[in-house]
Amino acid sequence: MKTGRDYKFWFCTGSQDLYGDECLAHVAEHSAIMVDGLNKSGVLPFEVVLKPTLLTNEMIRRTFNEANSDEDCAGVITWMHTFSPAKSWILGLQEYRKPLLHLHTQFNQEIPYETIDMDFMNEYQSAHGDREYGHIVSRMGIERKVIMGFWDDKNVQERIASWMRTAVGVMESSHIRVMRIADNMRNVAVTEGDKVEAQIKFGWEVDAYPVNEIAEAVEQVSKGDIDALVEEYYDKYDILLEGRDAAEFKKHVAVQAGIEIGFERFLEEKNYQAIVTHFGDLGSLKQLPGLAIQRLMEKGYGFGAEGDWKTAAMVRLMKIMTANVPNAKGTSMLEDYTYNLVPGKEGIIQAHMLEICPSIADGPIGIKVQPLSMGDREDPARLVFSAKEGKGVATSLIDLGNRFRLIINAVNCKKVEKPMPHLPVAQAFWTPEPNMQVGTEAWIYAGGAHHTAFSYDLSVEQMVDWADAMGIESVVIDKNTDIRTLKNELRWNSICYR
């Protein structure tokens, strides 16, 4: 499944004609060298495209409007080589509608102590020009990312790369369409939300379909297609019979193969990139979708359990933002289940009834067929595994009635102390930052849900940047969190975002 367009980012250098043609020639030459260096660095996930040096109101306005209309442009990187009078940028900035990065850098890394003169000072004055430009962007209240440092430094390039992925998340958010084939679980509050406001804020379309429409698509899948996919399963995964009859086991697995094929065809036909199910509304489906949903998530679809469309959209969004990350460790929906409160070994088991994405798996992945007490259907097949170790970020998008809040928790994933032979589901185990006590208390104070969209491959900063770009509140829980400060932040946010 395609997880986004082949985006590009425009590089726009600001200057003016006060210093003459020779200076402008140097500005253009330096900008070209920088863009070429960024593209050859191997760090950036998307191409940077050099635009002509911007000198006047007309040039700036035209360039920004061209960026708006270019579907392949995911954002603009701006940099002032010399001094660019900021009133020249007002019209262009007013009309610009895409992510904006202010790269506060300088062509030369070191002051040329032996030769520096006023001509050099006039030409190499990013410290001067970027402050003028930064002032007008702040005065206009325009959301942007500011990155400072030498453009050829790897750390700076990595920060640009990180912002690019967030920018693509902003662009692709308006293309996310969530299919609801069931409503949210009865009497559950946190999975509810204002779907109209979500479309206004994020661009998400959240639509309902009768479950039997998609069940009909499952029933239409041919036996040949099902058998071929079952063989793929048997080649790829460990088959954990655990005393079950092999032929009967395979029939249960075949049901999930039919669900995977039928669901994917239906989603593609209707142009949806995320889906929610609910164990209480399965229509004519023979099993709760388990293995099928796990495989769809691995292909890039978003998913939310019990009708949780906000989590489904966030999983899809985070799949897009992490597409083609080198050595990616995975992204999935997860749910807080149960605690280990032994001092020094604290953590939270993250799992669900069935539907955890195998992209986060560490080591072998098996197929089990086990009874499920909920759903009143036959025993569903599911993939089982343990998740990787490492740092990750867990997010919860909640609707507070008058606004959305994105809660972002830095977590540390680790292995459980002992095997859990009777737990027939995929699972992760993590400790929230700054520690179990403060992290969980902060999550509850902030109103975080039990479902999360989780990724090893995104940072707290990236998710904050996305929330900022969307104009919504974000609350960070990390190593710097303390409860008194967090409670004050929540009080201030209630006024700021009312």
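Residues 1445 to 1942 in the working numbering are what the sequence shown lists, from first letter to last.
Backbone N, C-alpha and C define an ideal beta-carbon position, used for all residues, glycine too.
This one's a predicted model, so the numbers in the text were calculated from it and none came from an experiment.
Open item on the list: On the criterion of 16 or more Cβ atoms from any shown chain inside 10 Å, does H1579 qualify as buried, or is it exposed?
Closed with: H1579 comes out exposed.
TODO: Could you check which residue in D1780, Q1700, E1822 has the C-alpha nearest to that of V1674?
DONE: Q1700
Open item on the list: Quick check: the Cα distance between D1480 and Y1463, rounded to an integer number of angstroms?
Closed with: 25 Å
Open item on the list: Which runs of the beta strand (DSSP E) at least 3 residues long sit entirely within the stretch 1502 to 1570? Give them in chain order.
Closed with: Taking only runs of at least 3 residues, the beta strand (DSSP E) segments lying wholly in the stretch 1502 to 1570 are 1517 to 1524, 1544 to 1548.
- [ ] Might you give, ordered along the chain, the residues of its own chain that have their beta carbon closer than 7 Å to the beta carbon of D1780, omitting 5 neighbours on each side?
- [x] I1792, Q1794, H1894
- [ ] Mark E1567 as exposed unless 16 or more other C-beta atoms lie within 10 angstroms of its C-beta, in which case mark it buried.
- [x] buried
- [ ] Assuming G1593 contacts T1549 (C-beta within less than 8 Å), just tell me the rounded distance between them.
- [x] 6 Å
TODO: Give, in chain order, every unbroken run of the alpha helix (DSSP H) that is at least 4 residues long and sits entirely within the stretch 1658 to 1728.
DONE: 1667 to 1680, 1690 to 1714
Task: 8 Å contact criterion, which T1721 and I1625 should meet: CB distance rounded - done: With a Cβ gap of about 6 Å, T1721 and I1625 count as contacting.
- [ ] Inspect the CB distances between the stretch 1680 to 1691 and the stretch 1648 to 1656 and report whether three or more fall short of 8 Å.
- [x] Fewer than three beta-carbon pairs drawn from the stretch 1680 to 1691 and the stretch 1648 to 1656 are found closer than 8 Å, and the two stretches are therefore not classed as touching.
Task: Contained beta strand (DSSP E) runs [length at least 3] in the stretch 1585 to 1626, N- to C-terminal order - done: 1589 to 1592, 1621 to 1624
Open item on the list: Could you give the first and the last residue of the continuous alpha helix (DSSP H) run that contains F1848?
Closed with: Looking at the DSSP string, F1848 is not in any alpha helix (DSSP H); the run it does join, the beta strand (DSSP E), is 1848 to 1857.
Open item on the list: On the CB-based measure, 16 or more other CB atoms within 10 Å of its CB, does C1940 come out buried or exposed?
Closed with: exposed
Open item on the list: I need the boundaries of the alpha helix (DSSP H) containing H1470, first residue and last residue.
Closed with: 1465 to 1484
TODO: Given a cut-off of 8 Å, decide if S1459 and S1528 are closer than it, judged by their beta-carbon atoms.
DONE: Taking 8 Å as the Cβ cut-off, S1528 and S1459 qualify as a contacting pair.
Open item on the list: If distances are taken between C-alpha atoms only, which option among E1933, R1575, H1474 comes closest to Q1553?
Closed with: Minimum Cα distance to Q1553 is reached at H1474.
Open item on the list: Could you tell me the alpha carbon to alpha carbon distance between V1882 and T1839, rounded to whole angstroms?
Closed with: 17 Å
Task: alpha helix (DSSP H) segment containing I1737, residue limits - done: 1735 to 1742
Task: For L1468, the nearest candidate out of M1765, F1564, D1725 (CA to CA) - done: With distances taken between Cα atoms, L1468 lies closest to F1564.
- [ ] May I have the straight-line CA-CA distance separating I1644 from G1519, to the nearest angstrom?
- [x] 20 Å
Open item on the list: At a threshold of 7 Å, does K1667 count as lining the ligand ADP (C-beta to nearest heavy atom)?
Closed with: Because no ligand of any kind appears in the structure shown, any question about the ligand ADP cannot be addressed here.
Task: Bridge partners - M1777, DSSP secondary structure assignment - done: A1897
TODO: Give the DSSP bridge partners of L1841, in chain order.
DONE: Paired residue(s): L1850.
Task: Residue span of the beta strand (DSSP E) that contains L1827, given as start and end - done: 1825 to 1831
- [ ] Over the uninterrupted alpha helix (DSSP H) stretch that includes V1908, give me the two end residues.
- [x] 1904 to 1914
Open item on the list: Quick check: the stretch 1928 to 1940 against the stretch 1859 to 1878, are at least 3 beta-carbon pairs closer than 8 Å?
Closed with: no
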